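Peer 1: In terms of the numbering used here, the sequence shown has 40 at position 28, counting the first letter as 1, and numbering is strictly consecutive. Beta carbons: idealized from backbone N, C-alpha and C, even for Gly. These figures come from a predicted structure and were not determined experimentally. Handing you a structure now.
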Amino acid sequence: MIKNIFSMISVVTPFLLVAPLFAEESNPSIIHRQGIYGAVGGHMKAIKSILLLEFDAAKDVTFHAQGIVDAFTHMGNSFPPGSDKGETKAKPEIWTDKDKFAQLGKNAFGAANELLKTAQGGDKQITLAAFKKLGETCKSCHDDFKSK
13 MIKNIFSMIS VVTPFLLVAP LFAEESNPSI IHRQGIYGAV GGHMKAIKSI
63 LLLEFDAAKD VTFHAQGIVD AFTHMGNSFP PGSDKGETKA KPEIWTDKDK
113 FAQLGKNAFG AANELLKTAQ GGDKQITLAA FKKLGETCKS CHDDFKSK
């Protein structure tokens, strides 16, 4: 009897742990963009650990900067009409002020490319300045288009 209970628990438990991943959001546009922004955030944290917290992995900055550029490149059409419905922090202004939103996105993409270029050059101080600039461009978009 006990053996059967443990067998049943071992079969059911993985489904209970994985189910919330699929239940949280059903809008594929939201899931896509949250995944991309999560990747960008992870790369930004890694770069911060290297440039500001002096983690010994200076050569990894280029990898992480490339990851940010790649993520932004794959953003595609992640904010189509109707993707404001669901679990999202995206403000309605994204869809009502598309030109400003697009410009801020271009600014962030340009700053990400500049970070990649400076990281490839290897100068820590210049790369740090480019990293801070990218952070500022991200913040300017978040201030106007992301709910707290």
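So the candidates are 152, 129, 120, 148; which of them puts its Cα closest to the Cα of residue 87?
Peer 2: Of the candidates 152, 129, 120, 148, the one whose C-alpha sits nearest the C-alpha of residue 87 is 120.
Peer 1: Among residues of its own chain, excluding the 5 on either side of residue 91, which ones have a beta-carbon nearer than 6 Å to its beta-carbon?
Peer 2: So the list reads 106, once near-sequence residues are dropped.
Peer 1: What does a CB cutoff of less than 7 Å around residue 154 pick up in its chain, not counting 5 residues either side in sequence?
Peer 2: The answer is none, since no qualifying residue turns up.
Peer 1: If you drop the 5 nearest sequence neighbours on each side, which residues of the same chain put their C-beta closer than 7 Å to that of residue 159?
Peer 2: 101, 103, listed in sequence order.
Peer 1: Nearest by alpha-carbon distance to residue 143: which of 49, 39, 89, 62 is it?
Peer 2: Selected option, being the one with the closest Cα: 62.
Peer 1: What is the DSSP secondary structure of residue 120, counted as helix, strand or coil?
Peer 2: Correct three-state label for residue 120: helix.
Peer 1: Residue range of the alpha helix (DSSP H) that residue 41 falls in?
Peer 2: That run of the alpha helix (DSSP H) goes 40 to 63.
Peer 1: Looking at the strands, I want to know which residues DSSP matches up with residue 102.
Peer 2: Residue 102 is bridged to 158.
Peer 1: Quick one: give me the first and last residue of the alpha helix (DSSP H) that residue 83 is part of.
Peer 2: Taken as a continuous stretch (DSSP letters only), the alpha helix (DSSP H) holding residue 83 covers 72 to 85.
Peer 1: Okay, do the region 42 to 50 and the region 126 to 138 touch, 3+ Cβ pairs below 8 Å being the bar?
Peer 2: Too few Cβ pairs lie closer than 8 Å, so no.
Peer 1: Closer than 7 Å by C-beta to residue 83: which residues in its own chain qualify, once you throw out the five before and the five after it? Chain order, please.
Peer 2: Once the five neighbours on either side are set aside, the close Cβ partners of residue 83 are 48, 51, 52.
Peer 1: On a Cα-Cα basis, can you pick out the residue from 97, 58, 41, 115 that is closest to residue 74?
Peer 2: The shortest Cα separation from residue 74 among 97, 58, 41, 115 belongs to 58.
Peer 1: Drop a sphere of 10 angstroms on the beta-carbon of residue 114, count the other beta-carbons inside from all chains shown, and report buried for 16 or more, exposed for fewer.
Peer 2: Residue 114 is exposed by the Cβ-count criterion.
Peer 1: DSSP three-state label for residue 126, please.
Peer 2: Of the three classes helix, strand and coil, the one that applies to residue 126 here is helix, per DSSP.
Peer 1: Quick one: residues in its chain with C-beta nearer than 6 Å to the C-beta of residue 77, no 5 flanking neighbours on either side, listed in chain order?
Peer 2: Taken in chain order, the residues that qualify are 127, 128, 131.
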